[in-house]
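Student: First the structure, which I've put down as structure tokens, then a few questions once you've had a look.
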Amino acid sequence: MVNVNRLIRELDELAAISSADSPAVTRVLFSEEDVRARAWLRQRFEEAGLEVRGDAVGNVFARWLGTDPTRPAVATGSHIDAIPNAGRYDGTVGVLGALEAVRSLGAAGVRPVRSIEIIMFTAEEPTRFGLGCLGSRMLSGSLSAGMAADLRDVGGDSLETLRQSVDCTGSLGDVPLAANAYRAFVELHIEQGPLLERQGLDIGAVEKIAAPAAFRVHLTGESGHAGAVLMPDRHDAGLAAAEVALAVERAVLATGCPDTVGTTGVFRIESGAINSVPGRATLEIDLRDTAVESRDQAEVGIRNAITEITRRRGVEATIDVINADPPATCDPMWVEKILAAASARGFGAQRMISRAYHDTLFMAQICPSAMIFIPCRNGWSHRPDEFASAEAIGRGVEVLADVLADLAAD
Ligand code: HGY
Ligand code: MN
Ligand code: MN
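In terms of my numbering, the sequence shown has 1398 at position 89, counting the first letter as 1, and numbering is strictly consecutive.
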């Protein structure tokens, strides 16, 4: 009943709305391509006869009214923003797949009792402000309007300025959802890891989402002439930053936990001239684990290393915590529903942990939530050759449709 050809066509159309050349996709919050993609998506929702609205931070909601719209709706969805030079399936499969699930249920004559609402969450990726899950964080009340309004991008533009520039009006204070706004939330997403493909399985039922933390480290040394400043006289912020990046890896490995991961994904040095000793450096460190305790242990190791490195090199350091979130546990009943729906269709399925974070991480704080994973080639993601087959996507949408129909039936 799922029209996969239409869905693949739409995924390709959306992928073309990008500031990068195909097959790469770049679509950063409130960029010109983000605004175009949002307008394109709203049109798809309206064509499907859904009630569409947006909130002050840019979350978009598309509701299929149930026969009893007074009951808490069943929600689904994901994101369409993309980090620089990403792929075309991360997030989009969960938004357009949800639209396809709703369209195919309607075409099959299903009339849900509860409304089914598709959410396109604003800025799941941290690219613009360094903070991931901006939209779902605010919906869950995990980020206040005041904190959000003050977020600034690398160019110094605030969320407040940027959202007004794209007619995203209304009060940020109105974004948080009311308690029991939804009966359930289910997100379809590519696995972004190799396990399902390696085991020849079709569906992952996510039980837990790892706990993400992010830090911004500013290092200030002394810039100077690359020829005239002798080595013993240097306070090279670039070399201090290089040592800190290696210390991140050391501190993560020192936990001895395979689930602890650390990445120095942003590494900027100034002034960036070949013949000038770097006087300043900025690092952004991504630290995750399924258990907060071992993540915290790695953080302590990193902080201690920064103290030692900066003292030895005569460099100053400031460490800002961008976020330090708890892990999320998915609702066991919805996990069972996902496994049962997969089994009923003869799809191979297993329980899983998500090492990537998703908007479900925050939706799980306000309603019983779960995630459906589908395999992607070699587990590759956040790169232009990210790929999920039409068959895999179709199976994921069928299971999503079955679970949504079940959850909205009474
Ligand atoms: O970084 C993440 O885990 C997600 O893909 N934004
Ligand atoms: Mn992503
Ligand atoms: Mn994603």
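Ideal Cβ placement from N, Cα and C applies to all residues, glycine included.
Keep in mind it's a predicted model, so treat the numbers as computed, not measured.
#1: Report the CB separation of Val1553 from Ile1631 in whole angstroms; it is logged as a contact under 8 angstroms.
#2: Straight-line CA distance for Leu1405 to Phe1370?
#3: Compare the Cα-Cα distances from Leu1670 to each of Gln1352, Glu1433 and Val1383 and report the closest residue.
#4: To the nearest angstrom, how far is the alpha carbon of Leu1562 from that of Ala1550?
#5: Tell me whether Ile1392, by its Cβ, gets closer than 7 angstroms to a heavy atom of ligand 2.
#6: Identify whether Asn1687 lies in helix, strand or coil by the three-state DSSP scheme.
#7: So, with DSSP's three-state summary, where would you put Gly1465?
#8: Check Leu1596 in the structure and name its three-state DSSP category.
#9: Assuming Val1366 contacts Met1447 under a Cβ cut-off of 8 angstroms, what Cβ separation, rounded to an integer in Å, is found between them?
#10: Considering only heavy atoms of ligand 5, list every residue whose Cβ is less than 5 angstroms from one of them, following chain order.
#11: Can you look up Phe1494 in the DSSP assignment and give me helix, strand or coil?
#12: Do the CB positions of Val1514 and Ile1389 come within less than 8 angstroms of each other?
#13: Any idea which residues DSSP pairs Gly1571 with across the strands?
#14: Less than 8 angstroms between the beta carbons of Glu1516 and Arg1397, yes or no?
#15: So is the beta-carbon of Glu1434 under 7 angstroms away from any non-hydrogen atom of ligand 2?
#16: Got a sec: does ligand 2 put a non-hydrogen atom nearer than 7 angstroms to the Cβ of His1527?
#17: For Ile1518, which residues in the same chain have their Cβ closer than 7 angstroms to its Cβ, ignoring the five residues on either side in sequence?
#18: Using DSSP with H/G/I as helix, E/B as strand and the rest coil, what is Thr1616?
#19: Quick check for students: name the residue ranges of the alpha helix (DSSP H) that lie wholly in the stretch 1336 to 1401, counting only runs of 4 or more.
#20: Just the C-alpha distance for Ala1490 and Leu1359, rounded to the nearest angstrom, thanks.
#21: Is Asp1321 helix, strand or coil when you go by DSSP?
#22: How far does the beta strand (DSSP E) with Pro1693 in it extend, from its first residue to its last?
#23: Closest by CA to Phe1430, which one among Arg1423, Leu1443, Cys1685 and Val1422?
#24: Let me confirm a value: His1544 is counted as buried when at least 16 other C-beta atoms fall within 10 Å, else exposed. Which label applies?
#25: Go to Ile1628, then tell me how far its alpha helix (DSSP H) extends in each direction, as first and last residue.
#26: So does Ala1673 have its beta carbon nearer than 7 angstroms to some heavy atom of ligand 1?
#27: Among the residues of its own chain, which have a CB less than 8 angstroms from the CB of Val1422, if the five just before and after it don't count?
#28: Leaving aside the five residues before and after Arg1577 along the sequence, list all residues of the same chain whose C-beta is less than 6 angstroms from its C-beta, in chain order.
#29: Just to confirm, is the Cβ distance from Ala1329 to Asn1394 under 8 angstroms?
#30: Tell me whether Glu1356 is buried or exposed, calling it buried when 16 or more other Cβ atoms sit within 10 Å of its Cβ.
#31: Which residues does DSSP pair with Ile1512 in a beta bridge?
#32: Could you tell me if Ser1580 is buried or exposed, where buried requires 16 or more neighbouring beta carbons within 10 angstroms of its beta carbon?
#33: If you compare alpha carbons, which of Thr1470, Val1402, Leu1548 and Glu1558 is closest to Glu1608?
#34: Should Ala1590 be counted as a contact of ligand 1 given a C-beta to heavy atom distance under 7 angstroms?
#35: Is it the case that the CB of Gly1441 approaches a heavy atom of ligand 1 more closely than 7 angstroms?
Tutor: Taking the geometry as given:
#1: Position 244 of the sequence shown, counted from the first residue, corresponds to residue 1553. Position 322 of the sequence shown, counted from the first residue, corresponds to residue 1631. So it is not a contact: roughly 16 angstroms between Cβ atoms.
#2: The count along the sequence shown starts at 1 and reaches residue 1405 at position 96. The count along the sequence shown starts at 1 and reaches residue 1370 at position 61. Distance between the alpha carbons of Leu1405 and Phe1370: 13 angstroms.
#3: One-based indexing of the sequence shown puts residue 1670 at position 361. That would be Glu1433, whose Cα lies nearest to the Cα of Leu1670.
#4: Here the question's residue 1562 lines up with position 253 in the sequence shown. Here the question's residue 1550 lines up with position 241 in the sequence shown. Near 19 angstroms, if we compare the C-alpha coordinates of Ala1550 and Leu1562.
#5: In the sequence shown, the residue the question calls residue 1392 occupies position 83. Ile1392 Cβ: within cutoff of ligand 2.
#6: Position 378 of the sequence shown, counting from 1, holds the residue named residue 1687. DSSP places Asn1687 in helix when its eight states are reduced to three.
#7: In the sequence shown, counting from the first residue as 1, residue 1465 sits at position 156. If DSSP states are grouped into helix, strand and coil, Gly1465 belongs with coil.
#8: Within the sequence shown, the letter at position 287 stands for residue 1596. Strand, per DSSP.
#9: Locating residue 1366 in the sequence shown gives position 57, where the first residue counts as 1. Locating residue 1447 in the sequence shown gives position 138, where the first residue counts as 1. At roughly 5 angstroms, the Cβ-Cβ gap stays under 8 angstroms, so Val1366 and Met1447 are in contact.
#10: Summarising the ligand content, the structure contains ligand 1, ligand 2 and ligand 3 and does not contain ligand 5.
#11: Taking the first residue of the sequence shown as 1, we reach residue 1494 at position 185. Reduced to three states, the DSSP call for Phe1494 is strand.
#12: Counted from its first residue, the sequence shown places residue 1514 at position 205. Counted from its first residue, the sequence shown places residue 1389 at position 80. It is Ala, not Val, that sits at residue 1514 in the sequence shown. Not closer than 8 angstroms, so no.
#13: Your numbering for residue 1571 matches position 262 in the sequence shown. DSSP, once it has assigned bridges, lists Leu1596 as partnering Gly1571.
#14: Taking the first residue of the sequence shown as position 1, residue 1516 is located at position 207. Taking the first residue of the sequence shown as position 1, residue 1397 is located at position 88. Cβ atoms of Glu1516 and Arg1397: not closer than 8 angstroms.
#15: Taking the first residue of the sequence shown as position 1, residue 1434 is located at position 125. True, at least one ligand heavy atom lies under 7 angstroms from that Cβ.
#16: Counting from one through the sequence shown, the residue named residue 1527 turns up at place 218. Answer for His1527: no, Cβ out of range of ligand 2.
#17: Counting from one through the sequence shown, the residue named residue 1518 turns up at place 209. Cβ neighbours of Ile1518 beyond the five flanking positions: Pro1636, Ala1637, Ser1663, Tyr1666, His1667, Thr1669 and Leu1670.
#18: For the purposes of this step, residue 1616 is taken as the residue at position 307 of the sequence shown. Thr1616: helix per DSSP, three-state reduction.
#19: 1341 to 1356
#20: Walking along the sequence shown from the start, residue 1490 turns up at place 181. Walking along the sequence shown from the start, residue 1359 turns up at place 50. Near 18 angstroms, if we compare the C-alpha coordinates of Leu1359 and Ala1490.
#21: Against the sequence shown, residue 1321 aligns to sequence position 12. DSSP places Asp1321 in helix when its eight states are reduced to three.
#22: The count along the sequence shown starts at 1 and reaches residue 1693 at position 384. Unbroken run through Pro1693: none, as it is neither H nor E.
#23: Position 121 of the sequence shown, counted from the start, is the residue given in the question as residue 1430. Among Arg1423, Leu1443, Cys1685 and Val1422, the Cα nearest to that of Phe1430 belongs to Leu1443.
#24: In the sequence shown, counting from the first residue as 1, residue 1544 sits at position 235. When all chains shown are included, His1544 counts as buried.
#25: Reading the sequence shown from its first residue, position 319 is the one you call residue 1628. Per DSSP, Ile1628 belongs to no alpha helix (DSSP H); it is in the beta strand (DSSP E), Glu1625 to Ala1633.
#26: The sequence position of residue 1673 within the sequence shown is 364, counting from 1. Ala1673: no, Cβ never under 7 angstroms from ligand 1.
#27: Position 113 of the sequence shown holds residue 1422. So the list reads Gly1375, Thr1376, Asp1377, Arg1380, Ala1717, Ala1718 and Asp1719, once near-sequence residues are dropped.
#28: Within the sequence shown, the letter at position 268 stands for residue 1577. Excluding residues within five positions, the ones whose Cβ falls inside 6 angstroms are Thr1591.
#29: Your numbering for residue 1329 matches position 20 in the sequence shown. Your numbering for residue 1394 matches position 85 in the sequence shown. Contact: yes.
#30: Mapped onto the sequence shown, residue 1356 falls at position 47. Answer is exposed; the Cβ neighbour count stays below 16.
#31: The residue you call residue 1512 lines up with position 203 of the sequence shown. Ile1512 is bridged to Ala1658.
#32: The residue labelled residue 1580 in the question sits at position 271 within the sequence shown. Result: exposed.
#33: Here residue 1608 refers to the residue found at position 299 of the sequence shown. Measuring from the Cα of Glu1608, the nearest candidate turns out to be Glu1558.
#34: Mapped onto the sequence shown, residue 1590 falls at position 281. No, the Cβ of Ala1590 stays beyond 7 angstroms of every heavy atom of ligand 1.
#35: Mapped onto the sequence shown, residue 1441 falls at position 132. Checking the Cβ of Gly1441 against ligand 1 gives yes.
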